[in-house]
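Residue numbers (this note's numbering): 5 to 307. The structure appears below as structure tokens.
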Amino acid sequence: MDAVKNTNITIIGVPLHYGANRKGVDLGPDAIRGANLHDRLEALGYSIEDAGDLQVNRLLQPAAQDEKLKYMNEIARVDQALCDTVSEEMGKGRFPLVLGGDHSIAIGTIKGVLRHVKRLGVIWFDAHTDVNTHETTDSGNIHGMSLAALLGYGHDDLTSIGGSGLKLLPENIVIIGARSIDPGERAFLKAKGIKVFTMHDIDRNGMKQVMEEALDIVSNGTDGVHLSLDLDGMDPSDAPGVSTPVSGGLSYRESHFAMELLFERNLLVSAEIVEVNPMLDQHNKTAVAAVELIGSAFGERIL
């Protein structure tokens, strides 16, 4: 455990499904906890505190089909509460481990981290790139806008969470595993110069080279790295219980190897695990995979 910066972890659950506009992902925090998350981390030598789940209004009326920012008010409220909670825990010297919920919660998590880490690197494992805005989205689902909002693009109610001055820099972000990118997102990514390792890159060069390049990018001039781990980055054969599955994703071993390399570099200051949907899962397979990946990211090894 010599490579660990912070052995004091606070788990924060965010049972939010409105960003995905699909029920079930709100059950993700309990499913991940139920897959023996606490025991696994404690066996690795970590001290765990569980802050429980943030309050989410589960009784909202369905959003209009053509709405460009579905459930924005509740998502912004929950993300602001998450930002404050993450910031409070980091102020105590603790490592925030956030359990989603859909990927819109990344806005709150990362904004809270940015209150303490001036220049933050981000590794975004995802089948999608999440850089739509209300102007480019086809679905209106905010989980596809979270990274854009963190860069300062999109509706003010999202970009101003935690304070409008808190932003990520494009050169400090790497997306890994992408294979479903909307036309507007392609233009955005190219214009901002965000590094994206698609599944083609992983197939061509292998996970070792991709991760080494990614880690060099996110650690260049930064004060720490955040892991945003969307389980739909994995192939649906290994992680079937996600809200927006896309075929041809990361294998089980590729995902673990990436987490192992991340641990070896001793960069993480925060992390979130999102998009586990038990209603679509098979025998809790995806929640178990999420806990196993967390184990690898925090130092668990085969031997």
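Glycine residues also receive a C-beta, built at the ideal position from the N, C-alpha and C atoms.
Of the residues the options, which one's Cα is nearest the Cα of residue i?
i    : options                : result
V29  : G56, W128, H147        : H147
G167 : A218, L154, I179       : L154
G104 : W128, S300, P33        : P33
D106 : A291, D43, T248, V278  : V278
M238 : A195, V60, H260, T89   : H260
V126 : L58, D186, D160, K171  : K171
K212 : N270, M283, M263, A243 : M263
I198 : D236, D160, I177, P66  : I177
I221 : N209, L266, Y157       : L266
G225 : H287, A80, L271        : L271
R98  : E268, R81, P66, S51    : S51
L173 : D161, G156, T163       : G156
T163 : R81, R208, S223        : R81
R62  : L45, E93, K27, T89     : K27
M203 : K196, L231, F129, E175 : F129
Please classify residue i: is it buried, with 16 or more other beta-carbons within 10 angstroms of its beta-carbon, or exposed?
i    : result
I15  : buried
L151 : buried
L124 : buried
P100 : buried
A7   : For A7, the pLDDT reaches just 38, beneath the cut-off of 50, and the residue's location in the model is therefore unreliable, leaving the point undetermined.
L307 : exposed
G169 : exposed
P19  : buried
A291 : buried
D134 : buried
A275 : buried
E46  : exposed
Excluding the 5 residues preceding and the 5 following residue i in the sequence, name in chain order all residues of the same chain whose CB lies nearer than 6 Å to its CB.
i    : result
S91  : G116, R119
N25  : K74, N145
G56  : none
S300 : H260, M263, E264
R269 : L219
V60  : P19, L20, V82
R190 : none
Could you give the C-beta distance for residue i and residue j, rounded to a whole number, given that I count them as a contact under 8 Å?
i    : j    : result
V273 : V229 : 7 Å
Q338 : G49  : Outside the displayed span of the chain (5 to 307) sits residue 338, for which this structure offers no information.
L297 : L254 : Not quite, the Cβ-Cβ distance comes to about 10 Å (not below 8 Å), so this is no contact.
R183 : G252 : 6 Å
I186 : D142 : Per the sequence shown, the amino acid found at residue 186 is Asp instead of Ile. Their Cβ separation, rounded to whole angstroms, is 7 Å, which keeps D186 and D142 in contact under 8 Å.
V280 : A110 : Not confirmed; about 14 Å, so no contact.
M283 : L31  : 7 Å
K122 : D227 : 6 Å
I39  : N288 : It is Ala, not Ile, that sits at residue 39 in the sequence shown. 6 Å between Cβ atoms; contact.
For residue i, which residues in the same chain have their Cβ closer than 7 Å to its Cβ, ignoring the five residues on either side in sequence?
i    : result
G188 : N136, T140
C87  : G112, K115, G116, I165, G166
V214 : I180, F201, D205, I206
D242 : S255, Y256, A293
H138 : K72, L73, G158, H159
Between which residues of its own chain and residue i is the CB-CB distance below 8 Å, once the five residues before and five after are set aside?
i    : result
M5   : Caution is warranted here: a pLDDT of 29 is assigned to M5, below 50, making its placement in the model unreliable, and no coordinate value can be reported.
R37  : I15, G17, D54, L103
L64  : Y22, Y75, E78
V250 : A131, H132, R183, S184, D236, P240
E258 : I206, M211
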